[in-house]
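Trainee: According to full-length UniProt numbering, the sequence shown is numbered sequentially starting from 1.
Beta carbons: idealized from backbone N, C-alpha and C, even for Gly.
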Amino acid sequence: MTITKLLGIKYPIIQGSMARISRHELVSAVSNAGGLGVLTSVGMDKAELAHQIDLVRQETDKPFGVNLMLQQSNIPDMVEVIVEKKVPVVLTGAGTPAPYFDQLHIMGAKVIPVIPNVSIAKKMEELGVDAVVAEGMESGGHIGQMTTMTLVPQVADAINIPVIAAGGIGDRRAVAASLVLGAQGVQVGTAFLVAKETPIPDSYKQMVLDAQDTSTAITGLTIGDPVRGLKNDLVTKILKMEQTGSTKEELRDLLDGSLSKAVYEGNTQTGSFMAGEIAGEINQIKSAKEIIEAMFS
Ligand SMILES: Cc1cc2nc3c(=O)[nH]c(=O)nc-3n(C[C@H](O)[C@H](O)[C@H](O)COP(=O)(O)O)c2cc1C
1 MTITKLLGIK
11 YPIIQGSMAR
21 ISRHELVSAV
31 SNAGGLGVLT
41 SVGMDKAELA
51 HQIDLVRQET
61 DKPFGVNLML
71 QQSNIPDMVE
81 VIVEKKVPVV
91 LTGAGTPAPY
101 FDQLHIMGAK
111 VIPVIPNVSI
121 AKKMEELGVD
131 AVVAEGMESG
141 GHIGQMTTMT
151 LVPQVADAIN
161 IPVIAAGGIG
171 DRRAVAASLV
181 LGAQGVQVGT
191 AFLVAKETPI
201 PDSYKQMVLD
211 AQDTSTAITG
221 LTIGDPVRGL
231 KNDLVTKILK
241 MEQTGSTKEE
251 LRDLLDGSLS
261 KAVYEGNTQT
271 GSFMAGEIAG
281 EINQIKSAKE
291 IIEAMFS
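(1) According to DSSP, is ARG228 part of a helix, a strand, or is it coil?
(2) Could you give the distance in angstroms between the alpha-carbon of THR40 and the alpha-carbon of VAL66?
(3) Report the three-state DSSP secondary structure of GLY280 (helix, strand or coil).
(4) Please classify VAL66: does DSSP put it in a helix, a strand, or coil?
(5) Is MET69 near ligand 1, going by C-beta to nearest heavy atom under 8 Å?
(6) Touching or not, the region 287-295 and the region 194-203, by the rule of three or more beta carbon pairs under 8 Å?
(7) List the DSSP bridge partners of ALA217.
(8) With a threshold of 6 Å on Cβ separation, who are the neighbours of GLY266 within its own chain once the five nearest residues in sequence on each side are excluded?
(9) Helix, strand or coil for PRO97, going by three-state DSSP, please let me know.
(10) Can you tell me whether GLY224 is buried or exposed? The criterion is at least 16 other CB atoms within 10 Å of its CB, across all chains shown.
(11) Does ligand 1 have a heavy atom nearer than 8 Å to the CB of ILE169?
(12) Throw me the rounded Cβ distance for the ALA174 and GLY168 pair, which I believe falls under 8 Å.
(13) Rounded to whole angstroms, what's the CA-CA distance from GLU138 to LEU127? Just pull it up for me.
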């Protein structure tokens with residue numbers, strides 16, 4: 001089955017969940033424009049997630065998804081809300097959805113994990129997931145070690161369920177390339193950071209608009225948790241600390257709360273401004289609809 005049919009969407013594009021960022025405004029705008037909007041559940045309790053889902057449903061009658069960042073400690077609570085609210089699509093990141101899979105599938109949700117390599121893609125196919133997002137390390141946020149160009153064709157050859165390409169997709173050329181590599185669709189994060197509807201401070205959007213091709217860096221490699229974000233004072237400090245052998249605890253002290261400082265306060269010095277390498281190509285604020293239509297024109 002094609003990914004558009006599977007998900008009930010017009011264009012084969014998923015708005016990648018962005019922790020604390022992809023709230024109802026962006027999600028409903030993407031779904032209304034014919035893609036699949038995906039709500040973040042990071043930092044939410046049960047009541048807040050339920051409220052966000054209700055708001056999406058007030059703003060669109062189109063399908064949408066909820067993302068589970070599996071490193072979070074309250075995933076069972078989030079799953080409870082998703083099942084109660086009968087959310088049609090669940091995307092998972094940073095772990096295996098196996099413990100929650102039956103509960104979600106029996107409720108009728110399509111389950112789509114993000115995978116960083118072929119062996120995990122095969123395990124996910126065996127589990128029975130509906131599709132996988134093969135995400136290359138060009139992407140913003142938590143990353144694996146393969147590039148989109150090498151990962152997508154190898155995953156497409158290895159499994160028989162739909163593959164969605166992610167990482168570094170910012171325009172129609174990259175969408176076309178993804179399809180040529182064997183993907184059925186794309187997942188896009190960074191390009192949506194500057195959507196009109198994305199609820200983040202102007203300073204965050206401006207950093208993305210100002211970014212060049214080499215404006216991102218990977219922090220957290222020394223603690224086994226690599227994250228790609230825009231270079232700023234915080235990133236420079238962390239990279240120095242990593243070079244001089246700082247401990248996980250010392251790095252965590254600096255990183256804790258840094259995403260909130262970016263997303264809620266727009267603090268360009270101490271915030272963690274996650275974004276992918278394609279930020280260098282993004283230089284205009286547009287509506288989610290304009291972003292999607294440009295990719296499929
Ligand atoms: C700011 C930001 C936050 C992200 N947070 C999450 C997250 O919470 N869960 C997740 O599965 N993926 C997360 N991602 C990854 C995106 O969903 C998506 O797969 C990725 O951005 C695609 O690559 P691109 O940034 O090159 O478009 C995040 C990406 C960004 C840029």
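Mentor: Walking through what the data contain:
(1) strand
(2) Looking at the two C-alpha atoms, the distance is approximately 6 Å.
(3) GLY280 falls in the helix class under three-state DSSP.
(4) Strand.
(5) Within the chosen limit of 8 Å, ligand 1 reaches the beta carbon of MET69 through at least one heavy atom.
(6) At 8 Å Cβ cutoff, the stretches touch.
(7) GLY229
(8) PRO201, SER203, TYR204
(9) coil
(10) Result: exposed.
(11) yes
(12) Rounded to whole angstroms, the Cβ separation of ALA174 and GLY168 is 7 Å, and the two are in contact under 8 Å.
(13) C-alpha separation (whole angstroms): 27 Å.
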